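Notes for the one structure printed next.
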Amino acid sequence: DIRFAREGYDAVKTDTLARLADEAPTALAGQDVVERMALDTNDGFKFYRADGSWLLIRFSGTEALLRVYVEARSPDDVESLLAEGRRLAGAA
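Residue numbers for the sequence shown, in our numbering: 42 to 133.
So this is what it looks like as structure tokens:
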């Protein structure tokens, strides 16, 4: 989880979501992104890599925080994708 100050959180959320929509990554941790999916809740994105692993970035609906979820084939890939998620969120 990446926590933000409550003051200014809405602007951070809006700016980050717009940036991810307009400038979606084409690769994550050295692998091509093969699909980007906007969440039905309009509060994040899920990025799929060629090997089936994924990174999900989602803003909380109740707290001033952003959550980064990952599924990957190895612990090293998990750590690499989590680092990419923090970087994409501007928290690296």
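Even glycine gets a Cβ: it sits at the ideal position worked out from N, Cα and C. Quick caveat: nothing in here was measured; it's all calculated off a predicted structure.
- Of the candidates Thr82, Asn83, Ala70, Lys87, the residue whose Cα lies closest to the Cα of Glu76 is Lys87.
- Looking at Ala113, Glu64, Val119, Glu104, the one whose alpha-carbon comes closest to that of Asp51 is Glu104.
- In the assembly as shown, Thr57 is a buried residue. Its beta-carbon has 16 or more other beta-carbons within 10 Å.
- The alpha-carbon of Phe45 is positioned some 21 Å away from that of Leu80.
- Contact between Arg127 and Val109 holds, with the beta-carbon distance rounding to 7 Å and staying under 8 Å.
- In this structure Glu125 is buried. Its beta-carbon is surrounded by 16 or more other beta-carbon atoms within 10 angstroms.
- In this structure, the straight-line span from the alpha carbon of Asp84 to that of Leu122 is close to 19 Å.
- Boundaries of the alpha helix (DSSP H) harbouring Arg60: 50–63, taken from the DSSP string.
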